[in-house]
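Q: Here it is: the structure, laid out below.
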Amino acid sequence: MEKLDQLKKEFTEVAFALGINNPAIIEKDYWVVHLLTLIANAESDVFAIVFGGGSALAKSHVKIMRMSEDVDLKIIPYNDLDWQSISRSERKRIRKCFHEQLLSLIVADGAFSIASKVIKRDEYRYIEIEIKYPQQYQIAPCLRPIIKLELMETTLFEKPDSRSIASLVAEQYRRNSEVKKFLCVNIESTFVEKIVSMLRRTALVERNPEEWEDETLVRHIYDVHLIKSNYELDLGIVYSIFNRVIYEDVARYGNKQPEFTNNPFGEMRYALSLIKNHEKYAQRFELYVDPMVYNEQPHDFGTCFTTFEKVSTEILDKVSFNG
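The UniProt record's numbering applies: residue 1 is where the sequence shown begins, and numbers increase by one.
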């Protein structure tokens, strides 16, 4: 109890220092990093765990100056040739055991519990877990009331970077990073994945209104703007990864998104026009991005989308796709 009281005091102080209105945002950031400290201790002879998405940027040395609330983990077989030589049923069994061990490690800590039934797809290649964490504040409207942990078995487009990971509390109090070392997806890969995900999924929902729409997806627009504005990207790597991400998405989602399969670049240009001409994306940005950002530089929707549209168009003009 004493520890939680001290944490609450620190959450309030850090929120004030960063100009964040609701300390619940700092609180969730702290528990996301605590979750990562547990995952960092997981051991496997078969898989490497690689941290990806916006959280991997926000919580390591690539600073995007916003709180990121989900944990996106890529599960990478150490030796793909050996892995593919194993029978399908055995691979499924190994994945299941790995996920169960990881879940046990998380729950054993005592701070977390599982909020709902674990979602399992594609013979345990994809797992989605909603995790309850200690909450002392009323949840902010821009936040989910749980930590969403996603694990996807996949391949990497570039060698991952090893980074330390620190909570906003640790940073503001100048403490050591809670996680000393965690493999993270490299910045060019994350940059490309965010562009493709934002555009592909925007087009998907427009073509198929019955599809569930993640309104927080607009965070990708902010992240792409911050990366492009603050980091020198290797464009050769960006173009190469872009083609590979498209190829993988066509293979993975082609059955339910035939327009993207037949003309991926056309669909992405279509999505750009939707975002530009529909007010709902700016409204979502104001709701789901602005409250989580502690960036003193201009970061309104217009500024961020101008960058997003420009870099997306440049890549689409430069790269040719042969699916």
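The beta carbon of each residue, even a glycine, is placed where N, CA and C say it ideally should be. Nothing here was measured: the structure is a model prediction, and the numbers come from that model.
Looking at the unbroken beta strand (DSSP E) that takes in residue 77, where does it start and where does it end?
A: From DSSP, the beta strand (DSSP E) with residue 77 extends over 71 to 77.
Q: Assign residue 31 to one of two classes, buried (16 or more other C-beta atoms within 10 Å of its C-beta) or exposed (fewer than that).
A: So residue 31 counts as buried.
Q: Are three or more beta carbon pairs between the region 162 to 174 and the region 242 to 260 nearer than 8 Å?
A: They do not touch, by the three-pair rule.
Q: Identify every residue that forms a DSSP beta bridge with residue 150.
A: In DSSP, residue 150 forms a bridge with 72, 128.
Q: With distance defined between alpha-carbon atoms, name the residue in 180, 83, 200, 213 nearest to residue 153.
A: Closest option to residue 153, Cα to Cα, is 83.
Q: Measure the Cβ-Cβ separation of residue 289 and residue 222 and say whether it is below 8 Å.
A: Yes, Cβ-Cβ distance for residue 289 and residue 222 is below 8 Å.
Q: From which residue to which residue does the alpha helix (DSSP H) around residue 42 run?
A: Unbroken run through residue 42: none, as it is neither H nor E.
Q: Once you ignore the five residues that flank residue 161 on each side, which residues in its own chain have a CB closer than 7 Å to its CB?
A: Cβ neighbours of residue 161 beyond the five flanking positions: 184, 186.
Q: Would you list, in sequence order, the uninterrupted alpha helix (DSSP H) runs of no fewer than 4 residues that lie entirely inside the region 140 to 187?
A: 168 to 172, all fully within the region 140 to 187.
Q: Just how far apart, CA to CA, sit residue 180 and residue 41?
A: Cα-Cα distance, rounded: 11 Å.
Q: Which residues does DSSP list as the beta-bridge partners of residue 52?
A: DSSP, once it has assigned bridges, lists 72 as partnering residue 52.
Q: Would you mind listing the alpha helix (DSSP H) stretches within the region 210 to 270 that are 4+ residues and don't spill past its ends, in chain order?
A: Qualifying alpha helix (DSSP H) stretches, in chain order: 219 to 230, 235 to 253, 258 to 262.
Q: For the putative contact between residue 24 and residue 111, defined by C-beta atoms under 8 Å, what is the C-beta separation to the nearest angstrom?
A: The pair is not a contact, with the Cβ atoms about 16 Å apart (cut-off 8 Å).
Q: Roughly how many whole angstroms lie between the Cα atoms of residue 79 and residue 46?
A: Straight-line Cα distance between these residues: approximately 8 Å.
Q: Identify whether residue 87 lies in helix, strand or coil by the three-state DSSP scheme.
A: Residue state, collapsed to three classes: coil.
Q: In whole angstroms, what is the alpha-carbon distance linking residue 258 and residue 173?
A: About 51 Å.
Q: Using 10 angstroms around the beta-carbon of residue 22, count the other beta-carbons present and answer buried if the total reaches 16, otherwise exposed.
A: Residue 22 is buried by the Cβ-count criterion.
Q: Would you grab the beta carbon distance between residue 150 and residue 70 for me? Rounded to a whole angstrom, and I think it's under 8 Å.
A: 7 Å between Cβ atoms; contact.
Q: Checking 8 Å against the spacing of the C-beta atoms, do residue 146 and residue 128 come in under that value?
A: Contact: no.
Q: Do the region 251 to 270 and the region 296 to 316 touch if we need at least three Cβ pairs shorter than 8 Å?
A: Segments in contact, yes.
Q: Return helix, strand or coil for residue 94, following the three-state DSSP convention.
A: Three-state result, residue 94: helix.
Q: Using 8 Å as the cut-off, can you tell me whether the region 215 to 234 makes contact with the region 187 to 205, which would need three or more C-beta pairs spanning the two stretches below that distance?
A: Yes: at least three Cβ pairs fall under 8 Å.
Q: So residue 155 and residue 225 are supposed to be a Cβ contact under 8 Å. How far apart are they, rounded?
A: With 8 Å as the limit, residue 155 and residue 225 do not qualify as a contact, their Cβ atoms being about 28 Å apart.
Q: Using the C-alpha atoms, what's the distance from residue 148 back to residue 16?
A: Using only the alpha carbons, I get a separation of about 26 Å.
Q: Pull up the distance between the alpha-carbon of residue 76 and that of residue 56, whole angstroms please.
A: So the two alpha carbons sit approximately 16 Å from each other.
Q: Look up residue 20 in the DSSP assignment and say whether it is helix, strand or coil.
A: Of the three classes helix, strand and coil, the one that applies to residue 20 here is coil, per DSSP.
Q: Quick check: what's the CA-CA separation for residue 6 versus residue 124?
A: Computed Cα separation, rounded: 39 Å.
Q: Report the option in 232, 201, 199 whose CA atom is closest to the CA atom of residue 188.
A: When only C-alpha atoms are compared, the closest one is 232.
Q: Quick test of your reading: residue 73 and residue 51, contact by CB under 8 Å. State the CB separation rounded to the nearest angstrom.
A: At roughly 6 Å, the Cβ-Cβ gap stays under 8 Å, so residue 73 and residue 51 are in contact.
Q: Residue 280 to residue 94, Cα distance in whole Å?
A: Taking the straight line joining both Cα atoms gives about 43 Å.
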